[in-house]
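Working notes for the structure below.
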Amino acid sequence: MNKDTKRFLTAFLSVVCIFSVLTSAGCFRKDKENSPEGSLKGAAKTPEAVKSTLSDDATWAYYPSDNFMGLVALGKDLDEAEQTYVLVFDKDAMDENTGLILTEGTVSSMCYYGSIDYEDKEIRDQDGFLYAKLKCDNRIHVVDFCFSYFDEDINEREIITIDSYAGSDEGEKMELLFVHYDYGYPKQSSDSKKSQIYDIDKGEWDEINDEEIPEIDDTGIQYSAYYELQVDEDYSSVADTGYNSTEDFYMGVYRYDYLYASYNIYQELISPEEVRLMVMIGTPDSSPLEDVVDPESFFSDSDIKLYIKSGDELTDITPDNVWCEFESDVKTRDDNDEFPLTDCTYNVHFQGLGELEEGYYKIEIGDRSYEFKLRVQYFEVW
């Protein structure tokens, strides 16, 4: 598989996942709540046997069959432990790619905080329809369904995604997406995608949008630009003794990061959110730092306080949970061709503080202190 294409595929699916998570919403309805007979078309002939695969409490959404996948119904059922989905496809309405992908490919779902591969699945061909019955833990918030087929003989992958979402100005919608990738070298075909959207309010599918995926040229210098809340070095550099309370060794905040809380696919908390400050200590004249202080005990045994500054007033914002971890150190050659430790950096974590804003701050570690400023800044990276 071409490395460049791999990177593009990863990035593309990540964008699809993020967009789906931010905008996802249920499109399920009770049997007759949103399914006028005149709009069902292919869905109207869905056998009753399909409904019997789920309980009477299952919710169903029906769609006209005039879409390139032939999707006509989507059912969802819940019990105390599991959730079950049934996707129904009209074989007469689907294009030549869909049947192979559905029957021979793997099935996964993007979900909140990750993705899942369905091990409990059943694909059935019956009475002119294909049925995909999928089960997973009911704690998982399913966003979409992705069927993926890789042909090893021609080194090509084809993916279809069924994605329900809301939040647009035009109302609730369902999107179908097909993607074709040629990993061969040289390529025998162009990478391409097509999509089609169903407008629930209108009860019809939009026209198919069919387009080629442009190749990414990464042979040149890569460039990116972004804005970030970060330590303002124009206010005070790390080694600026004017903002340190003592001069035998300096202390400064080198970087600020806000780490969002992380969860597993069951929406269980893995790690809470936290503020992380990268704090550096070192000697102004590059003399051995250990002649002045033991870095490990300085960070681990000292009381740590964080303040926000407004004028001459300081407000203590230190949360209950604060800890440190080693990041890196610098050893500098001296006149004796030895390499003593001259600088040391630790990450100081503040858990439960919340994201900081632009402004002036002061950190105290033991009897040492340092003032710094956070400001939203523009960065360019090559």
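The C-terminal position of the sequence shown is numbered 383 in the numbering used here, with every residue numbered one higher than the one before it.
Glycine residues also receive a C-beta, built at the ideal position from the N, C-alpha and C atoms.
What do you reckon, are the CB atoms on P289 and P341 nearer than 8 Å? yes
Does DSSP classify F69 as helix, strand or coil? coil
Classify L278: buried if its beta carbon has 16 or more other beta carbons within 10 angstroms, exposed otherwise. buried
Between the region 139 to 149 and the region 100 to 110, do three or more beta carbon pairs fall short of 8 Å? yes
Determine the DSSP secondary structure at S298, reduced to helix, strand or coil. helix
Could you name the residues of the same chain whose beta carbon sits closer than 7 Å to that of C56, not counting the 5 residues immediately before and after it, in chain order? The residue asked about is misnamed: residue 56 is Ser in this sequence, not Cys. Answer for S56: D78, listed in chain order.
Report yes or no: do the region 342 to 360 and the region 194 to 203 share at least 3 C-beta pairs separated by less than 8 Å? no
Which residues does DSSP pair with R125 in a beta bridge? Y132
Is the region 348 to 360 touching the region 309 to 320, taking contact as three or more C-beta pairs under 8 Å? yes
Grab me the residues of N139's own chain with a C-beta within less than 8 Å of its C-beta, minus the 5 sequence neighbours each way, in chain order. L79, D80, E81, A82, E83 and Q84
Leaving aside the five residues before and after R125 along the sequence, list all residues of the same chain whose C-beta is less than 6 Å from its C-beta, in chain order. Y132
Contact check, Y371 vs G253 under 8 Å by CB: the rounded distance? 5 Å
So, is W324 buried or exposed, given that buried needs 16 or more other C-beta atoms within 10 angstroms? exposed
Could you give the C-beta distance for A226 and F380, rounded to a whole number, given that I count them as a contact under 8 Å? 7 Å
If you check the beta carbons only, do D249 and V280 fall under 8 Å apart? no
Reduced DSSP secondary structure (H/G/I, E/B, other) of G39: For G39, the predicted structure reports a pLDDT of 31, less than 50, and the residue's modelled location is therefore unreliable. A value from the coordinates is still provided. Three-state result, G39: helix.
Rounded distance between the beta-carbons of F351 and E275, thought under 8 Å: 6 Å
Considering Cα atoms alone, identify which of E213, S116, I217 and D207 is closest to F69. D207
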